[in-house]
Every structure is written in structure tokens, then in C-alpha cells.
Amino acid sequence: MPIVNLITKEKIASEKKEILKKEFADMMYEVAVKSENWLMVRFTEGEDIFFRGKPLDDGAIMEIQLVGKLQNSQKEEISKRVCDVLNKVLNYRKDNIYIVIQEIEGQNWGYNGSTF
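With our numbering, the residue at position 110 of the sequence shown is 110, and numbering never jumps.
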């Protein structure tokens with residue numbers, strides 16, 4: 001049930017999307033114990049992003065929404081891994097990446113005609 005949304009200025013090549021999708025799935029399972037069977041990954045590309053008052057070409061916004069609560073140590077590990085993978089795969093500077101983690105109560109998350 002997690003949703004991972006990567007927002008970037010650039011269009012990302014299909015092969016890089018596959019690498020990122022796998023990295024995000026591994027991260028969510030290893031850190032948050034959330035299976036890829038429930039994971040949605042979205043790439044929001046071609047967005048105008050401004051940071052420090054200037055256009056941001058080598059950075060991103062990562063939004064992660066999930067049902068339940070994470071420990072602070074899990075959130076720190078997610079932040080580290082997101083920055084590491086975006087730096088490695090897309091050559092984004094780690095200080096140009098924002099990660100927003102939203103923890104949502106099950107009754108506020110709909111799926112298949114019901115809620116969690």
C-alpha cells in the first residue's frame with residue numbers, strides 16, 4: 001500500500017526507471033517491511049521545480065505515503081537510501097533532494113471498495 005512518487009524536471013529513461021523502481025521496492029521492503037505486491041511507484045516528470053530561488057535541474061522531490069507508522073530510524077534510513085540511489089542513478093546532488101514521508105491511518109486509505 002505504499003505510494004512512491006518521484007518528481008523531477010527531466011524525463012527519465014525507461015531503463016533507469018526500472019532500476020529506480022527496483023531500488024524503491026527493495027528499500028520499502030527492507031526498511032519498512034512493505035511488500036512490492038502492494039507498492040505503487042509513480043514518476044512525475046517534466047515538472048518545473050525551483051529551489052533556493054532558482055530552477056532545479058539536478059534534484060527531485062520524493063513523496064512516500066504509507067499506511068501505518070515508522071520509527072525515526074526507519075525514516076532516516078529511507079532518506080539516506082533515496083538520496084544515495086538518486087545520486088547514483090540520476091547524478092542528483094544529495095542536497096537537492098527533498099523527501100516527504102506521510103504516514104496515513106488505515107481508515108483514511110481506500111482500496112478495492114474498502115479501507116485498511
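Glycine residues also receive a C-beta, built at the ideal position from the N, C-alpha and C atoms.
When the distance is taken between beta carbons, is residue j closer than 8 Å to residue i?
i: glutamate 23; j: tyrosine 29; result: no
Any idea what DSSP makes of residue i, helix, strand or coil?
i: valine 37; result: The amino acid occupying residue 37 in the given sequence is asparagine; valine does not appear at that position. Here asparagine 37 sits in helix by DSSP.
i: methionine 62; result: strand
i: leucine 12; result: Leucine is not the amino acid found at residue 12; the sequence shown has isoleucine there. Three-state result, isoleucine 12: coil.
i: isoleucine 49; result: coil
i: arginine 42; result: strand
i: glycine 106; result: helix
i: lysine 54; result: strand
i: tyrosine 111; result: strand
Residue i: which of the options sits nearest, CA to CA?
i: isoleucine 61; options: Lys21, Glu47, Ser14; result: Glu47
i: valine 33; options: Lys69, Arg93, Lys9; result: Lys69
i: aspartate 57; options: Ile104, Ile12, Met1, Asn5; result: Ile12
i: methionine 40; options: Phe50, Val67, Lys54, Pro55; result: Val67
i: asparagine 112; options: Arg42, Glu103, Trp38, Ile64; result: Trp38
i: phenylalanine 50; options: Gly110, Glu105, Trp109, Tyr98; result: Tyr98
i: threonine 8; options: Gly106, Gly110, Arg93; result: Arg93
For residue i, is the beta carbon positioned less than 7 Å from some heavy atom of the ligand NAD?
i: threonine 8; result: Absence of the ligand NAD from the depicted structure is noted, as is the absence of any ligand whatsoever, leaving it without description.
Quick check on residue i: buried or exposed, where buried means 16 or more other Cβ atoms within 10 Å of its Cβ?
i: proline 2; result: buried
i: glycine 53; result: exposed
i: valine 85; result: buried
i: valine 82; result: buried
i: valine 100; result: exposed
i: glycine 59; result: buried
i: threonine 115; result: exposed
Mind checking if residue i is an interface residue toward chain E, Cβ cutoff 8 Å exclusive?
i: glutamate 18; result: In summary, chain E is missing from the structure at hand, where a single protein chain is found.
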